[in-house]
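A.B. asks: Sharing a structure with you now.
Residue numbers (the numbering used here): 1173 to 1524.
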């Protein structure tokens, strides 16, 4: 059995579903069910005896200790985090609380649990921490992609909080010997992504005939990773990664935000011609850039390929079409998650 934190969120729920499908090994799934944690993401696992869902907070030390004692997991896969840059700019305190204090609390509980294990189980235990490319800062257009040795240069409260959590994980390995692994991924997209992020936000606005807001000039570059590929990479790192190491995970798909939006518009022109406004590119609008907006991220995932043989299975073209089709086929899910509070948030960030 493994323990997954944040397993009702976007990446976490995809991982839990993928894990049970591909391995069959039971999962204890802990999620606080905040705005981005949605139990509906896990509806397909209803009645599955291998899936043990617990609503709770990683900052709750007593709960973390109890779960580890009760279930005796052989690994912890730690997704739980506040993860949106814009939200961190307007309210950084929650990011410090969850991403730093929560990771510390979880590490302490894992260390105490690990210390009680017998030699064989102790050697097999793993703590895998899921992080982000944003800890490395921003790249120039001609700079080489981030390698695992790139210095940390976080530029937002979100990325700073994730950088701090990465450092804590590293320290717990080097100080206490806790068998940790860290992954730093590029921008994910795919099913179940909360629509504060670029791709689902643009998709839902376009379908509704609303403006498609793009920050600044739209030429900020990101490396796009299909969430299913991210799940296979984490499984590979958990199974065969070297203890104490960091592995970058990228999608080999650098694109500007503007190019992503235009690609989405083209797909919707073909797949959803009944939208109120077609062609959808007519809806593109530009809004004031956000503070500290990193210009480019790009991931060098050569280490992951060299050591573990992983490469993304999806190109951006194949992954984005799967994503568009999923959102078109699951409009009820989108309608339920886009509450009044979400609409107020969009108005706050994109009104100008």
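A virtual CB, placed ideally from N, CA and C, is assigned to each residue, including glycine.
These numbers were taken from a predicted model, which means no experiment stands behind them.
Using 8 Å as the threshold, is the C-beta distance between residue 1183 and residue 1216 below it?
C.D. replies: Along the chain shown, read from residue 1 onward, the residue named residue 1183 stands at position 11. Along the chain shown, read from residue 1 onward, the residue named residue 1216 stands at position 44. Contact flag unset, no.
A.B. asks: Report yes if the C-beta distance between residue 1491 and residue 1361 is below 8 Å; otherwise report no.
C.D. replies: Numbered from 1 along the chain shown, position 319 holds the residue referred to as residue 1491. Numbered from 1 along the chain shown, position 189 holds the residue referred to as residue 1361. For residue 1491 and residue 1361, yes; Cβs fall inside 8 Å.
A.B. asks: With a 10 Å radius around its C-beta and 16 neighbouring C-beta atoms as the bar for buried, classify residue 1254 as buried or exposed.
C.D. replies: Mapped onto the chain shown, residue 1254 falls at position 82. Label assigned to residue 1254: buried.
A.B. asks: Express the C-alpha separation of residue 1298 and residue 1440 in angstroms, rounding to a whole number.
C.D. replies: For the purposes of this step, residue 1440 is taken as the residue at position 268 of the chain shown. For the purposes of this step, residue 1298 is taken as the residue at position 126 of the chain shown. One C-alpha to the other measures close to 42 Å.
A.B. asks: Looking at the unbroken alpha helix (DSSP H) that takes in residue 1182, where does it start and where does it end?
C.D. replies: By one-based count along the chain shown, residue 1182 stands at place 10. First-last of the alpha helix (DSSP H) with residue 1182: 1182-1194.
A.B. asks: Look at the alpha carbon of residue 1433 and the alpha carbon of residue 1321, and state the distance between them as a whole number of angstroms.
C.D. replies: As a working note, residue 1433 is residue 261 in the chain shown. As a working note, residue 1321 is residue 149 in the chain shown. Straight-line Cα distance between these residues: approximately 32 Å.
A.B. asks: Check this for me: beta carbons of residue 1363 and residue 1495, under 8 Å apart or not?
C.D. replies: Along the chain shown, read from residue 1 onward, the residue named residue 1363 stands at position 191. Along the chain shown, read from residue 1 onward, the residue named residue 1495 stands at position 323. Yes, they are a contact pair.
A.B. asks: In three-state terms, what does DSSP make of residue 1406?
C.D. replies: Position 234 of the chain shown, counted from the start, is the residue given in the question as residue 1406. Helix, per DSSP.
A.B. asks: Please classify residue 1466: is it buried, with 16 or more other beta-carbons within 10 angstroms of its beta-carbon, or exposed?
C.D. replies: Mapped onto the chain shown, residue 1466 falls at position 294. The residue in question, residue 1466, is buried, as its Cβ has 16 or more Cβ neighbours within 10 Å.
A.B. asks: For residue 1227, does the three-state DSSP call read helix, strand or coil?
C.D. replies: Indexing the chain shown from 1 puts residue 1227 at position 55. Residue 1227 falls in the strand class under three-state DSSP.
A.B. asks: Going by the DSSP bridge assignment, what does residue 1468 pair with across the sheet?
C.D. replies: For the purposes of this step, residue 1468 is taken as the residue at position 296 of the chain shown. DSSP output for residue 1468 lists 1393 as bridge partner(s).
A.B. asks: Applying the criterion that 16 or more other CB atoms from any shown protein chain within 10 Å of the CB defines a buried residue, is residue 1223 buried or exposed?
C.D. replies: As a first step, residue 1223 must be located in the chain shown, where it is residue number 51. It counts as buried.
A.B. asks: Note down, in chain order, each residue of its chain lying with its Cβ closer than 8 Å to the Cβ of residue 1284, except the 5 sequence neighbours on either side.
C.D. replies: Position 112 of the chain shown holds residue 1284. Answer for residue 1284: 1237, 1240, listed in chain order.
A.B. asks: Specify whether the region 1367-1374 and the region 1298-1312 touch according to this definition: at least 3 beta carbon pairs, one from each stretch, less than 8 Å apart.
C.D. replies: No, the region 1367-1374 is not in contact with the region 1298-1312.
A.B. asks: By a C-beta neighbour count over all protein chains shown, 10 Å radius and 16 as the cutoff for buried, is residue 1478 buried or exposed?
C.D. replies: Along the chain shown, one-based indexing puts residue 1478 at 306. Exposed, since its Cβ has fewer than 16 Cβ neighbours within 10 Å.
A.B. asks: Around the Cβ of residue 1306, are there at least 16 other Cβ atoms within 10 angstroms (buried) or fewer (exposed)?
C.D. replies: Counting from 1 along the chain shown, the entry for residue 1306 is found at position 134. Buried, because 16 or more other Cβ atoms sit within 10 Å of the Cβ of residue 1306.
A.B. asks: Report buried or exposed for residue 1193, applying the criterion of at least 16 other Cβ atoms within 10 angstroms of its Cβ.
C.D. replies: On the chain shown, residue 1193 is found 21 positions in, with the first residue counted as 1. It counts as exposed.
A.B. asks: Quick one: residues in its chain with C-beta nearer than 7 Å to the C-beta of residue 1269, no 5 flanking neighbours on either side, listed in chain order?
C.D. replies: Locating residue 1269 in the chain shown gives position 97, counting from the first residue. The answer, listed in chain order, is 1231.
A.B. asks: Here's the rule I'm using: 16 or more other beta-carbon atoms within 10 Å means buried, otherwise exposed. How should residue 1291 be labelled?
C.D. replies: Looking up residue 1291 in the chain shown gives position 119. By the 10 Å Cβ count, residue 1291 comes out exposed.
A.B. asks: Between residue 1510 and chain D, is there a C-beta pair that is closer than 8 Å?
C.D. replies: Looking for chain D here will not work: only one protein chain is present.
A.B. asks: How far does the beta strand (DSSP E) with residue 1248 in it reach, from first residue to last?
C.D. replies: Stepping through the chain shown from its first residue, residue 1248 is reached at position 76. That run of the beta strand (DSSP E) goes 1247-1250.
A.B. asks: Would you identify the three-state DSSP class for residue 1502, choosing helix, strand or coil?
C.D. replies: In the chain shown, the residue the question calls residue 1502 occupies position 330. Residue 1502 falls in the coil class under three-state DSSP.
A.B. asks: Here's the rule: buried if 16 or more other CB atoms are within 10 angstroms of the residue's CB, otherwise exposed. What is residue 1277?
C.D. replies: As a working note, residue 1277 is residue 105 in the chain shown. Buried.
A.B. asks: Pairs of beta-carbons, one from the region 1412-1424 and one from the region 1376-1384, closer than 8 Å: are there three or more?
C.D. replies: No, the region 1412-1424 does not touch the region 1376-1384.
A.B. asks: Please determine, among 1415, 1379, 1357, the residue with the shortest C-alpha to C-alpha distance to residue 1405.
C.D. replies: Mapped onto the chain shown, residue 1405 falls at position 233. Measuring from the Cα of residue 1405, the nearest candidate turns out to be 1357.
A.B. asks: Please report how far the alpha carbon of residue 1399 lies from the alpha carbon of residue 1392, in whole angstroms.
C.D. replies: For this step, residue 1399 is matched to residue 227 along the chain shown. For this step, residue 1392 is matched to residue 220 along the chain shown. Computed Cα separation, rounded: 21 Å.
A.B. asks: Could you name each continuous alpha helix (DSSP H) segment of 4 residues or more that falls completely within the region 1274-1302, going from the start of the chain to the end?
C.D. replies: The qualifying runs are 1275-1288, 1291-1296.
A.B. asks: For the region 1308-1315 against the region 1259-1266, do three or more pairs of beta-carbon atoms, one drawn from each stretch, fall closer than 8 Å, so that the two count as touching?
C.D. replies: No, because fewer than three Cβ pairs between the region 1308-1315 and the region 1259-1266 fall closer than 8 Å, the two stretches do not touch.
A.B. asks: CB residue 1447 to CB residue 1374, shorter than 8 Å?
C.D. replies: Here residue 1447 refers to the residue found at position 275 of the chain shown. Here residue 1374 refers to the residue found at position 202 of the chain shown. Not closer than 8 Å, so no.
A.B. asks: Residue range of the beta strand (DSSP E) that residue 1456 falls in?
C.D. replies: Numbered from its first residue, the chain shown carries residue 1456 at position 284. Looking at the DSSP string, the run of the beta strand (DSSP E) that includes residue 1456 is 1456-1459.
A.B. asks: Can you tell me where the beta strand (DSSP E) with residue 1313 in it begins and where it stops?
C.D. replies: Position 141 of the chain shown, counting from 1, holds the residue named residue 1313. That residue, residue 1313, is in no beta strand (DSSP E); it is neither H nor E in DSSP.
A.B. asks: Is the CB-CB distance between residue 1340 and residue 1279 below 8 Å?
C.D. replies: Position 168 of the chain shown, counted from the first residue, corresponds to residue 1340. Position 107 of the chain shown, counted from the first residue, corresponds to residue 1279. In contact: residue 1340 and residue 1279 (Cβ atoms closer than 8 Å).
A.B. asks: According to DSSP, which residues form a beta bridge with residue 1176?
C.D. replies: For the purposes of this step, residue 1176 is taken as the residue at position 4 of the chain shown. Partner(s): 1201, 1249.
A.B. asks: CA-CA distance, residue 1445 and residue 1228?
C.D. replies: Here the question's residue 1445 lines up with position 273 in the chain shown. Here the question's residue 1228 lines up with position 56 in the chain shown. Using only the alpha carbons, I get a separation of about 43 Å.
A.B. asks: Quick one: what does DSSP say residue 1326 is sitting in, helix, strand or coil?
C.D. replies: As a position in the chain shown, residue 1326 is number 154, starting the count at 1. Residue 1326 falls in the coil class under three-state DSSP.
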